[in-house]
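Peer 1: So for the first sequence, numbering that gives the first Met the number 0 puts the first residue at 0; every next one is plus one. Idealized CB from N, CA, C, for every residue including glycine. Predicted, not measured: the structure shown is a model, and the values here were computed from it.
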Amino acid sequence: MPELPEVETLVTGLKPHVVGKTIRKINVFRPLPILPLKPTEFIRAVESKKIVDLTRRAKYLIFHLKPELYLLTHLRMTGKFILTNHLNSPEKHHRVWFHLGKRKILVFEDVRCLGKMELATKVTLSQKLGRLGVEPLLKKLNVSYFQKCCNETIRPIKALLMDQSKIAGIGNIYASEILFQAGIHPERQAKFLTQMERKQIIHTIKLILKKAIQLQGMTVSDFRRVDNKIGRFQNFLNVYGKTGQPCPKCARPIQRIVQYQRSTFFCSHCQH
DNA sequence: AGCGGAACCTGTCGGC
DNA sequence: TGCCGACAGGTTCCGC
């Protein structure tokens with residue numbers, strides 16, 4: 000489901016509702032997203048702890064608990080968090096209920112069961128997050144860092160943009176959109192991009208991610224904000240999922256190709 | 001070391 | 001209607 004802007008939107012929406020709350024009770028349905036922990040072990044570790052903060056790193060949501068423990072969550076394709084106040088029996092895709100109060104339940108729902116949760120200490124958390132690349136919206140993503148990334152790989156630029164160990168947070172949809180906006184062909188090898196083109200890509204990454212956050216992410220198929228309202232960025236998609244439709248710049252048909260098992264959408268006339 | 005491909009899951013959609 | 005294959009926003013592991 001979500002890439003950086005969607006997770007950011009989720010954290011912003013969730014934060015005021017969960018920070019300061021104590022996890023009073025937990026119900027686990029379907030396979031627990033934290034293997035190899037048994038549900039009872041998970042429940043024992045987390046129940047009665049207080050949520051003192053909720054943050055995002057790349058596409059991860061991090062619940063900061065007290066006494067000190069971190070619950071690291073990745074939604075993968077179909078994971079969702081929903082706040083609700085009335086539940087009788089679990090719906091088909093509910094995986095975990097976190098009871099935060101009398102009429103306040105945080106539901107983790109996950110159709111494909113690919114989502115993951117992980118418990119961490121301060122040390123294991125920083126080890127885990129240390130493997131990720133830079134946050135694209137921070138100054139750490141700058142020309143010199145990006146030059147280095149480009150120079151040391153033989154891969155196409157689309158693959159580099161999605162490589163979480165280099166830049167963390169861009170997924171398949173935003174990668175296509177960024178390259179369209181920047182006018183760069185997705186199959187270009189990163190190492191042969193000019194300095195100008197590299198600057199243009201960095202600029203566009205930041206521009207598009209910021210705009211997407213402003214518009215509260217996108218709702219493609221089933222992503223919902225925590226309040227169940229839809230994001231608006233999908234209205235501004237130029238190429239993703241638009242095979243055969245006219246390019247917004249030149250009106251020639253948008254193409255779809257497959258790169259390393261993922262769809263890429265682009266305009267062969269506007270992207271070089 | 002870095003790369004490509006398979007695997008992990010379930011659901012939906014289009015074609016025949 | 002029913003079946004089948006392709007496809008879906010992500011990450012990790014494995015072999016080369």
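According to DSSP, simplified to helix, strand and coil, what is Pro38?
Peer 2: helix
Peer 1: Identify the continuous alpha helix (DSSP H) that holds Gln146 and give its terminal residues.
Peer 2: Val142 to Asn150
Peer 1: Using DSSP with H/G/I as helix, E/B as strand and the rest coil, what is Tyr59?
Peer 2: strand
Peer 1: Once you ignore the five residues that flank Gly182 on each side, which residues in its own chain have a CB closer than 8 Å to its CB?
Peer 2: Gln199, Cys269, Gln270 and His271
Peer 1: Heavy atom of the ligand NAD less than 6 Å from the Cβ of Ala167, yes or no?
Peer 2: By its list of ligands, the structure shown contains no ligand whatsoever, and the ligand NAD lies outside what it can speak to.
Peer 1: Kindly indicate which three-state DSSP category Leu71 falls into: helix, strand or coil?
Peer 2: strand
Peer 1: Thinking C-alpha only, which one of Ser143, Lys241, His73 and Leu160 is nearest Asn171?
Peer 2: Leu160
Peer 1: Under the rule that 16 or more other beta-carbon atoms within 10 Å means buried, what is Leu206, buried or exposed?
Peer 2: exposed
Peer 1: Report the option in Ile156, Val6, Leu105 and Ile61 whose CA atom is closest to the CA atom of Tyr259.
Peer 2: Ile156
Peer 1: Any idea if Ser175 is buried or exposed, counting beta-carbon neighbours within 10 angstroms, 16 or more meaning buried?
Peer 2: buried
Peer 1: Does Gly168 come out as helix, strand or coil in the three-state DSSP assignment?
Peer 2: coil
Peer 1: Give a yes or no on contact between the region 97-114 and the region 145-155, applying the rule of three or more CB pairs nearer than 8 Å.
Peer 2: no
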